[in-house]
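According to our numbering, the sequence shown is numbered sequentially starting from 184.
Where is the CB? At the ideal position from N, CA and C, for every residue including glycine.
Keep in mind the model is a prediction, meaning the values are calculated, not measured.
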Amino acid sequence: MKKVSIIDVAKEASVSVSTVSLVLRQKGKISDATIEKVQAAIQRLGYVHNVAAANLRASTSNLIGLILCDFSDSYTVKVMASVVKELEKKGFMLFLGQPHDDEASLERCLLSFKQQGVAGIIYLTSDTVNPTVPERLRRCPLPFVVVSQTLISETCNLVMRDNRQAAALATRYLLDRGHRNIGYIGGEADSLLRTQRLQGLRASLLQNGIAHKDEFAPACSDDTFAASLATGHLLEKNNTLTALLCHSSTALIGCLNGIQQVGRTLGKDLFLTQQVALVGFEDMLQVNLTSPSLTYVSSASEETGRQAVELIVSNIRDPGLPRQRILLSGELVVRESA
Numbered sequence: 184m185k186k187v188s189i190i191d192v193a194k195e196a197s198v199s200v201s202t203v204s205l206v207l208r209q210k211g212k213i214s215d216a217t218i219e220k221v222q223a224a225i226q227r228l229g230y231v232h233n234v235a236a237a238n239l240r241a242s243t244s245n246l247i248g249l250i251l252c253d254f255s256d257s258y259t260v261k262v263m264a265s266v267v268k269e270l271e272k273k274g275f276m277l278f279l280g281q282p283h284d285d286e287a288s289l290e291r292c293l294l295s296f297k298q299q300g301v302a303g304i305i306y307l308t309s310d311t312v313n314p315t316v317p318e319r320l321r322r323c324p325l326p327f328v329v330v331s332q333t334l335i336s337e338t339c340n341l342v343m344r345d346n347r348q349a350a351a352l353a354t355r356y357l358l359d360r361g362h363r364n365i366g367y368i369g370g371e372a373d374s375l376l377r378t379q380r381l382q383g384l385r386a387s388l389l390q391n392g393i394a395h396k397d398e399f400a401p402a403c404s405d406d407t408f409a410a411s412l413a414t415g416h417l418l419e420k421n422n423t424l425t426a427l428l429c430h431s432s433t434a435l436i437g438c439l440n441g442i443q444q445v446g447r448t449l450g451k452d453l454f455l456t457q458q459v460a461l462v463g464f465e466d467m468l469q470v471n472l473t474s475p476s477l478t479y480v481s482s483a484s485e486e487t488g489r490q491a492v493e494l495i496v497s498n499i500r501d502p503g504l505p506r507q508r509i510l511l512s513g514e515l516v517v518r519e520s521a
């Protein structure tokens, strides 16, 4: 059986070979009617476009290298899922790398990307302490986009969530409900994520003439036991506290236990003085079946993935584009805990 060629498609659609080529590569100014004609001809003839051969001829690739540093971080995994979906829509394929936490491992990963002919790189970092991009990535000649939970100091294409906005949004909601003594539980002292959220919390309080006390925001290691102890100590020393922002899902679970240990309950009713309102910072699957259900500020992970893909594809097609920083706002999802 004769193999169907691009020439056969052109004859079937009554267009030029170059027009079929432009449709296949999604380039040029082609009318919708012409695109439909070409696609219909492709379907009738059963033509299969050899992407690898086309990429070789054009010295380009439909491969995107994705570096995921931490599979245990729920935010980056959710962003990855969104990246995969968006790349598929645009006709790109994913080449995944997970380097260890050292420069040599990252260099091997980037070399592998080069050998596979990737066109660009999306770097998903879960590091909330170091505000820099690894030197090996900075020296990489390929276009790249960084997806980070915190601000990166270098000038690079960056997509990140607005942590100050998220905390400010949660704080304003609590203030509107009558809370005036609001604490923050969790996060290591050197966490930039914690620092940025505390900035949002303090700014919202100051706008309402309220000074935030440092003792209301104890730092602790990221485990449930530490968060439970920190919550218990905080509430015992400051019985006027009526609301807490929770740094992470583990901090939130620890808060639940700490509140119970000091004889208080979880809930949004400010007039029941024993109740403590809780607000988290992402849709935490581990604890979404609690009663009462938990109020949180979304992490915008799906939109983060979409924006990262748009940015890398744009830079592959036009390497001269200026670098962009995209800051994404979360949305407050009000449930029963606050």
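- By the Cβ criterion, the stretch 445–464 is not in contact with the stretch 384–393, since fewer than three pairs of Cβ atoms, one from each stretch, lie closer than 8 Å.
- Contact check for Thr378 against Asp405 fails: the beta carbons are separated by 8 Å or more.
- Residue pairing from DSSP places Ile247 in a beta bridge opposite Leu277 and Gly303.
- Assignment of Tyr258 by DSSP, reduced to helix, strand and coil, places it in the helix class.
- Counting other Cβ atoms within 10 Å of its Cβ, Ile335 reaches 16 or more and is therefore classed as buried.
- Counting along the chain, no beta strand (DSSP E) covers Cys438; the unbroken alpha helix (DSSP H) around it starts and ends at Ser432 to Gln444.
- Contact between the stretch 406–415 and the stretch 437–447 is established, with three or more Cβ pairs separated by less than 8 Å.
- For the options Arg363, Arg291, His416 and Ala223, the alpha carbon positioned closest to that of Gly248 is the one of Arg291.
- The bridge partners DSSP lists for Val328 are Ile305 and Asn340.
- For Ala402, the secondary structure class from DSSP, reduced to helix, strand or coil, is coil.
- Put simply, of Gly415, Arg319, Ala400 and Gln458 the residue whose alpha carbon is nearest the alpha carbon of His430 is Ala400.
- The secondary-structure analysis by DSSP pairs Gln458 across a beta bridge with Thr448.
- By the Cβ-count criterion, His395 is buried, with 16 or more other Cβ atoms from all chains shown falling within 10 Å of its own Cβ.
- Taking the C-beta atoms as reference points, Val266 is found no nearer than 8 Å to Ala460.
- In the displayed model, Thr378 falls within a helix according to three-state DSSP.
- Looking from the CA of Glu493, the closest CA among Pro326, Leu358 and Leu251 belongs to Pro326.
- Taking C-beta atoms under 8 Å as the contact rule, Arg506 and Asn340 qualify, at a distance of about 5 Å.
- Counting along the chain, Thr423 sits inside no beta strand (DSSP E), nor does DSSP assign it H or E at all.
- For Ile393, the three-state secondary structure derived from DSSP is coil.
- For Val480, the beta-bridge partners assigned by DSSP are Leu515.
- Beta-bridge analysis with DSSP links Arg508 to Leu341.
- Cβ neighbours of Arg355 within its own chain (closer than 7 Å, five residues either side excluded): Ser387.
- A distance of 8 Å or more separates the beta carbons of Asp345 and Ser199.
- DSSP, read as helix, strand or coil, puts Tyr230 in coil.
- Look at Gly488 here: in three-state DSSP terms it is helix.
- Here the alpha carbons of Leu307 and Val328 stand approximately 9 Å from one another.
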